[in-house]
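Okay, structure first, notes after.
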Amino acid sequence: MLNQEALCMAIGNINEIERRFEQSQNDLVLQTSDFSLQGLKDMVDSEVIDLSPKYQRRERWEIERQSELIESFLLNVPVPPVYLAEEEYGIYSIIDGKQRITAVSDFLNNVFALKGLSEFDDLNGARFRELPRALQNALRVRPYLRVITLLKQSHPRLKYEVFIRLNRGGIRLNNQEIRNVAFRGALNDAIYKASDHPLLKSALKIEGPKSSAYQQMQDAEYVLRFLTLKANWENFSGGLSKSMDDFMLENRHAEAEEIQNFMRIFSISIERTSQLWGDVAFQRWDGQRWRQQALAGLYDAEMISVSLLTDDQVNSISKKRENLIEITKILFENPEFEEAVRIGTNTPSRIKYRTENVRDMLLSLA
Numbered sequence: 002m003l004n005q006e007a008l009c010m011a012i013g014n015i016n017e018i019e020r021r022f023e024q025s026q027n028d029l030v031l032q033t034s035d036f037s038l039q040g041l042k043d044m045v046d047s048e049v050i051d052l053s054p055k056y057q058r059r060e061r062w063e064i065e066r067q068s069e070l071i072e073s074f075l076l077n078v079p080v081p082p083v084y085l086a087e088e089e090y091g092i093y094s095i096i097d098g099k100q101r102i103t104a105v106s107d108f109l110n111n112v113f114a115l116k117g118l119s120e121f122d123d124l125n126g127a128r129f130r131e132l133p134r135a136l137q138n139a140l141r142v143r144p145y146l147r148v149i150t151l152l153k154q155s156h157p158r159l160k161y162e163v164f165i166r167l168n169r170g171g172i173r174l175n176n177q178e179i180r181n182v183a184f185r186g187a188l189n190d191a192i193y194k195a196s197d198h199p200l201l202k203s204a205l206k207i208e209g210p211k212s213s214a215y216q217q218m219q220d221a222e223y224v225l226r227f228l229t230l231k232a233n234w235e236n237f238s239g240g241l242s243k244s245m246d247d248f249m250l251e252n253r254h255a256e257a258e259e260i261q262n263f264m265r266i267f268s269i270s271i272e273r274t275s276q277l278w279g280d281v282a283f284q285r286w287d288g289q290r291w292r293q294q295a296l297a298g299l300y301d302a303e304m305i306s307v308s309l310l311t312d313d314q315v316n317s318i319s320k321k322r323e324n325l326i327e328i329t330k331i332l333f334e335n336p337e338f339e340e341a342v343r344i345g346t347n348t349p350s351r352i353k354y355r356t357e358n359v360r361d362m363l364l365s366l367a
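See below:
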């Protein structure tokens, strides 16, 4: 039998579990509806559904896969539901199902011709307007797509959690792709705008929209990484990915002036980094040459360190740039520093260690 203390603890745990359960029921407010394909197309055309958020980059479905979806509707095969989030400005963003809605909207708007159909192979090469009239009418009216909407009073943290769990299957999104939808708004837009800096694009080898780092939104994640660590690198408690989520959540309603200040600090820091290290910024010296690959750990150290300097100090160091490059090489002779920028880079001790080393190096030249 349980003693009195254990019994009290068990009851307390049950009460806490029940409280959290009830809270989750209240924090996530859902609405379920069935929409015709024509209805979804009309919502996209009128921009009620924002199909292409300003910095939405992922376009992964080929024509064959879009055609397969249309064929599923013709065959009356069930299609997974779409998840939307109601936004503040009277529009809906897509949490899960962007490619399905895109395929429906594009096909009904005659953007592409069917390709690779197996059951309706006679329709290959046909656009919507070229289908038999009966099929056109059937596609407009008969198939319904289940749409589950997270209403705007839902807690943002739960919206993010829904997005994570929905994207554990199929084409899995990375954390920054998830943030891009879950934390849409002025701050998110500003981060993506700031990510278009020449040094960052060069360091990440972004040459265009098809570059891997661009499609995976690494440039935006680097901006957010800096903003997250800038304020608390000395007392960082760990869990960088979650900390970046928390930063977006805490600042989702930031005023324009505060967002401008975040971007000003980032802009100053990356310009200073470019001024001091040039095209070897964020790169590791291997004893023979600079490895032309950006290290996130070195990015942290260089960006945060230069943000701590005064303009006079930066100007003084820039006059000794050759010396700075040589001393930076020497840093990599220290195995502890090498590990701090390459291995287990997101631990509090290593973030602090590498940043202090780069900061002290810069101050020695100021």
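Using the numbering used here, the first residue of the sequence shown is number 2, and each one after it goes up by one.
Every residue gets a Cβ at the ideal spot worked out from N, C-alpha and C, and that includes glycine.
Boundaries of the beta strand (DSSP E) harbouring Arg147: Tyr145 to Leu151, taken from the DSSP string. Distance from the Cα of Arg141 is smallest, within the candidate group Ser94, Phe36 and Gly209, for Phe36.
With a 10 Å radius around the Cβ and a threshold of 16 neighbouring Cβ atoms, Gln293 comes out exposed. Per the coordinates, the alpha-carbon of Glu339 lies some 11 Å from the alpha-carbon of Leu296. When rounded, the separation of the alpha-carbon atoms in Pro81 and Leu146 is 8 Å.
Judged by DSSP secondary structure, Val182 falls within the alpha helix (DSSP H) whose first and last residues are Asn176 to Ala183. DSSP places Ser106 within a helical segment (H, G or I) once states are collapsed to three. Of all C-beta pairs linking the stretch 285–292 to the stretch 230–244, fewer than three are shorter than 8 Å, placing the two stretches out of contact.
Boundaries of the beta strand (DSSP E) around Leu31: Leu31 to Ser37.
In this structure, the CA atom of Thr103 is about 14 Å from the CA atom of Tyr93. Minimum Cα-Cα distance from Ala221 among the listed residues Glu63, Gln177 and Phe108 corresponds to Gln177.
Taking each of Val148, Ala302 and Ala257 in turn and checking the Cα distance to Trp278, the smallest one comes out for Ala302. A straight line joining the alpha-carbon of Ile344 with that of Arg226 spans about 17 Å. Here Asp51 is bridged, per DSSP, to Ser94.
In the three-state DSSP reduction, Arg292 falls in the strand class (E or B). Between the alpha carbons of Gln216 and Met249 lies a distance of about 20 Å. Counting along the chain, the unbroken alpha helix (DSSP H) around Ala214 starts and ends at Ser213 to Gln216.
DSSP assignment within the stretch 213–242 yields the following whole alpha helix (DSSP H) runs of 4 residues or more, N-terminal first: 213–216 and 219–231. Measuring C-alpha to C-alpha distances from Phe184 to each of Arg166, Leu159, Met304 and Glu131 identifies Leu159 as the nearest.
Within a 10 Å sphere around the beta-carbon of Thr229 sit 16 or more other beta-carbons, which makes this residue buried. A Cβ-Cβ distance of about 14 Å is found for the pair Ile64 and Phe129, leaving them out of contact under the 8 Å criterion.
As DSSP reads the structure, Leu85 sits in a beta bridge with Ile95 and Thr150. Cβ atoms of Leu85 and Ile95 come within 8 Å of each other, at about 6 Å. Residue pairing by DSSP places Trp278 in no beta bridge whatsoever.
Nearest Cα to Glu72 within the set Ile50, Leu124 and Glu48: Leu124. Looking from the CA of Ile266, the closest CA among His254, Ile192 and Glu235 belongs to Ile192. By the CB criterion at 8 Å, Thr348 and Met304 fall outside the cutoff. The beta carbon of Leu132 is closer than 8 Å to those of Leu124 and Leu140 in its chain, skipping five residues each way along the sequence. Using a Cβ distance threshold of 8 Å, Ala214 and Ala257 do not count as a contacting pair.
Residue pairing by DSSP places Arg285 opposite Arg292 in a beta bridge.
Asp107 is a Cβ neighbour of Gln67, given a cutoff of 8 Å. Per DSSP, the unbroken alpha helix (DSSP H) holding Glu340 starts and ends at Pro336 to Arg343. Note that the C-beta distance between Asn189 and Met218 is not below 8 Å.
Judged by DSSP secondary structure, Val307 falls within the alpha helix (DSSP H) whose first and last residues are Ala297 to Ser308.
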